[in-house]
Structure formats: C-alpha cells, structure tokens
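A.B. asks: So in the UniProt record's numbering the end of the sequence shown lands on 235, straight run, no missing numbers. The beta carbon of each residue, even a glycine, is placed where N, CA and C say it ideally should be. Please read these numbers as outputs of a predicted model, since none were measured by experiment.
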Amino acid sequence: MGDSAPSLLHHCHAHKLWGLINRTYSFLNFVALLAIFYYRGAFFFNENDPKYYMVPFLPWVTVSAAELVSSFVWVLKEPFFWFPVTRTVFPERLPKDPHLPGIDVFVCTADPGKEPTFGVMNTVISAMALDYPAEKLSVYLSDDGGASVTLMGMKEAWAFATWWLPFCRRWNVKPICPQSYFERPEEESQNMEFIEDRNTIKEKYEAFKQRVERKWRTELETNTKRSPQNHPAII
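(1) Between which two residues does the alpha helix (DSSP H) containing Tyr38 stretch?
(2) Use the C-beta contact count for Thr109: other C-beta atoms within 10 angstroms, 16 or more gives buried, fewer gives exposed.
(3) Which residue from Asn29, Val107, Val105 and Glu186 puts its Cα closest to that of Ser71?
(4) Considering only residues of the same chain and omitting the five flanking positions on each side of Glu115, which have a CB-CB separation below 8 Å?
(5) Can you give me the C-alpha to C-alpha distance between residue 238 and Gly113, rounded to a whole angstrom?
(6) Hey, would you say Ile36 sits closer than 8 Å to Glu78, going by beta carbons?
(7) Judging by CA-CA distance, which residue of Asn22, Cys12 and Val139 is the nearest neighbour of Val85?
(8) DSSP three-state call for Cys132: helix, strand or coil?
(9) Can you tell me whether Ala129 is buried or exposed, with buried defined as 16 or more other CB within 10 angstroms of its CB?
(10) Taking the C-alpha atoms as reference points, what is the distance between Glu135 and Asn22?
(11) In whole angstroms, give me the CA-to-CA distance for Ile176 and Asn122.
(12) From the DSSP output, read off the bridge partner residues of Arg87.
(13) Relative to the alpha-carbon of Leu100, which residue among Ala127, Lys215, Asp111 and Leu137 has its alpha-carbon at the smallest distance?
(14) On a Cα-Cα basis, can you pick out the residue from Arg169, Thr117, Ser64 and Ile195 that is closest to Lys209?
(15) Using only alpha-carbon positions, find the residue among Pro91, Arg169 and Gly146 that is nearest to Glu126.
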C-alpha cells in the first residue's frame, strides 16, 4: 500500500461525521414533511370538520401545492449531502510525456444560429492549445447541423492555430482561449520580443475573427430556411 500511494493522481476523503449529521437532519426533516402532508391531506378528506367549510379552499390548495413542490426540490438536492467528500489532485505525480496516454477531445455543435461559429472555433483552438503532447492529443468537431460555415470556420481555425499554438507554448500564455486572452486588458511587459509577437498574433486573430463572423452572418442571412433537420449535403 505504501509503494502504490505515491503513484496516486488523486485522493478522495470522505467526511463521515458530516455525512452522519446530514443524514440525521434529512431523516428528521422527512418526518416533519410527512406530518405536514398528513395534516394537509386530512383536511381534504374530513368534510365533517367545521373547519372544512370555514377555511377558503383555493388558498389551502395553493399552499399545499407550494409545499409539495418545495419538498420535491428538497428531496432532489438532499442526496448530494449524504456522502460529502473532498477531492485532492496531485498533478506533480503525472508521468512524463512519453508515458502519457493519448486523449481525444470532442467538441459538439448543432446550430450556428444558436451557437455562433466564432465561439465554437475558439473552443476548438483552446482544446488544441492544451498543455499536452501534441502527438497524443486529437481534437474532433462534431457538427450535427452540417453547416457549411462550420466547415469554413474549421479551416480558418486551423490556419490561425498554426500561429496561436506556438505563441502559447513559447510564452506560456494564459488563458489559452484566444477570445478570452484578447478581450482582457493587455498585460504590461518590458520584453519587446513578446510585445512584437503579441501584436502579430493579435492582427492574425482580428483577421481570423472578421472572416469567420462575415461568413457566419452571410450564412444566417442567405439561408433563412435552413435548419439542423433540413440542410443541403456537404461533401
């Protein structure tokens, strides 16, 4: 056991005392809810009680329905507190690059009208820029809508990625999403080489953004009847 512990990449610690307290609370609250529902139900089925005709029917039903809905929501969320845990990861224990497994990243989209193509392409580029050996990282884009603008956007994203990825790795850029990086205030730097590289990449980014958004707007304006279920084939 002692030999295998250093190789663990994560650790899960269960808080048994908190779990016991939460379960006890859940049980007591559940008993209280049963008492409330019994009280509400007894009112509807006890027509001989004078209170049945004294209490307005609609407000009573409304309050009962509200209690029922809130109780249902409580039942749905309460199991998450039955077994509280704390997870700890150890990235320093990751194996060296030659021993890392290959991973596949799938990015899914369906409708360029609801999911702007430029945002999807930023997601794809961010996945390509992950801190992982390039030869073991595969990124796939699944377009269920079969939009031509998505295919064009992928070509543009690939061209921009040939500039963006080396820039990220050379200067350890964070965040790795180009849209998030260029929308935040520029960081001050005395490194003229970095500033020149950043300005060059920013020009490439703006050109990439304009081409994709121009094609995206044209697609939406010209193909108004197009939908994920009804679109021309793309070969």
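C.D. replies: To lay it out plainly:
(1) From DSSP, the alpha helix (DSSP H) with Tyr38 extends over Lys16 to Phe44.
(2) The residue in question, Thr109, is buried, as its Cβ has 16 or more Cβ neighbours within 10 Å.
(3) Sorting Asn29, Val107, Val105 and Glu186 by C-alpha distance to the C-alpha of Ser71 places Asn29 at the top.
(4) A distance below 8 Å between beta-carbons, with the five flanking residues on each side excluded, links Glu115 to the following residues of its chain, in chain order: Thr109.
(5) The first residue shown for the chain is 1 and the last is 235, placing residue 238 beyond what the model contains.
(6) In this structure, Ile36 keeps its C-beta atom at 8 Å or more from the C-beta atom of Glu78.
(7) For Val85, the closest alpha carbon among the candidates Asn22, Cys12 and Val139 is that of Cys12.
(8) One detail in the question is off: residue 132 reads as Tyr in this sequence, not Cys. It is coil, neither helix nor strand.
(9) Label assigned to Ala129: buried.
(10) Cα to Cα, the separation comes out at about 47 Å.
(11) Cα-Cα distance, rounded: 9 Å.
(12) According to DSSP, which records beta bridges pairwise, Arg87 is partnered with Cys12.
(13) Residue Leu137 is the option with its Cα nearest to Leu100.
(14) It is Thr117 whose Cα lies nearest to the Cα of Lys209.
(15) Before going on, a small fix: residue 126 reads as Ser here, not Glu. Ser126 has its Cα closest to that of Arg169, out of Pro91, Arg169 and Gly146.
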